[in-house]
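Here the structure comes first, spelled out in structure tokens, and everything after it is commentary.
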Amino acid sequence: MNTPENELTRLVEWIRLYIRKVEEIHLTFIKTFEITSPLSAWVAGQIPQMGFIHVNGILSSYQFHGIGCRVTIRKQTIDFDYGRDHRTDGFDPWRIFLFLRDKTKDPLSTLSVKELETLFGVLEKNGVIQKPSMSLGSHLYYFNSYLVPNETKVPTHK
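Numbering (numbering that gives the first Met the number 0), first residue to last: 0 to 157.
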């Protein structure tokens, strides 16, 4: 049975998987190009904006954009933005939408970005996630358990 509580639990599981995949990609860039920050290396012209890397032995295309990167592993799209201090554990409804849309066996894959925004609102209201005050990646949510005390202030909106 697909209850709202089950839907939220599954969404949290998918977000955690997304974060693990992003971290895996981030570490692959570091190892492949022998760099400490893929985003900084791209901005400095040390690595190409687009190309191919092997993620877990699978040839995957990538393209840096703005403050993030989009990687396609087989037919799976993983798009992420870096947060402050090169954080890779941020997420937003759009990126989770892209991540879920290929998961056709899960009912969450049929949700729109707007519906995901609503679920994110519930998770935020329940204290599971929040958008901390950060200049870089201010649109990103983080699990509260991943935030350090000085990052937990939620910005006020006027």
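Cβ atoms here follow ideal geometry from the backbone N, Cα and C, with glycine treated the same way.
Source: prediction; values computed, not measured.
Can you give me the Cβ contacts of residue 149 inside the same chain, cut-off strictly under 7 angstroms, excluding the 5 residues immediately before and after it?
For residue 149, the predicted structure reports a pLDDT of 43, less than 50, and the residue's modelled location is therefore unreliable. A value from the coordinates is still provided. The answer is none, since no qualifying residue turns up.
At least three beta-carbon pairs within less than 8 angstroms, the region 39–56 to the region 121–135
Touching, no, given that fewer than three Cβ pairs across the two stretches are closer than 8 angstroms.
Pick from 67, 93 and 97: whose alpha carbon is nearest that of residue 83?
Out of 67, 93 and 97, 67 has the C-alpha closest to the C-alpha of residue 83.
Under 8 angstroms: do the region 95–105 and the region 3–19 share three or more Cβ pairs, one atom per stretch?
Touching, yes, given that three or more Cβ pairs across the two stretches are closer than 8 angstroms.
Report the three-state DSSP secondary structure of residue 53 (helix, strand or coil).
In this structure, DSSP gives residue 53 an extended state, which the three-state scheme calls strand.
Out of curiosity, what's the CA-to-CA distance linking residue 155 and residue 120?
With a pLDDT of only 31 at residue 155, under the threshold of 50, the placement of this residue in the model should not be trusted; the figure read from the coordinates follows. Distance between residue 155 and residue 120, taken at the CA atoms: about 15 angstroms.
Buried or exposed, going by whether 16 or more other CB atoms sit within 10 Å of the CB of residue 103?
That one is exposed.
Using the C-alpha atoms, what's the distance from residue 86 back to residue 42?
The straight-line gap from Cα to Cα measures roughly 16 angstroms.
For a test of the three-state rule: what should DSSP assign to residue 140, helix, strand or coil?
If DSSP states are grouped into helix, strand and coil, residue 140 belongs with the strands.
Beta-carbon contacts of residue 143 that lie in its chain and below 8 angstroms, excluding the five residues immediately before and after
Leaving aside the five residues that flank residue 143 on each side, the residues in its chain whose CB is nearer than 8 angstroms to its CB run, in chain order, 126, 127, 128, 129 and 151.
Nearest to residue 44 by alpha carbon, out of 27, 110, 54 and 63?
The closest CA to that of residue 44, considering only 27, 110, 54 and 63, is found on 63.
If we ignore side chains and look at the alpha-carbon of each, how far apart do residue 53 and residue 59 end up?
Cα to Cα, the separation comes out at about 6 angstroms.
Determine the contact status of residue 140 and residue 91, defining contact as a CB-CB distance below 9 angstroms.
Judged by beta-carbon spacing, residue 91 lies within the 9 angstroms limit of residue 140, meaning their Cβ atoms are closer than that value.
Starting from residue 32, follow the alpha helix (DSSP H) in both directions and report where the run begins and ends.
Start and end: 3–32.
Residue range of the unbroken alpha helix (DSSP H) whose run includes residue 98
Its alpha helix (DSSP H) spans residues 92–99.
If you drop the 5 nearest sequence neighbours on each side, which residues of the same chain put their C-beta closer than 6 angstroms to that of residue 25?
If we look at residue 25 and ignore the five residues flanking it on each side, its Cβ neighbours are 87.
Closest to residue 57 by C-alpha separation, out of 27, 101 and 4, would be which residue?
Cα-wise, what sits closest to residue 57 is 27.
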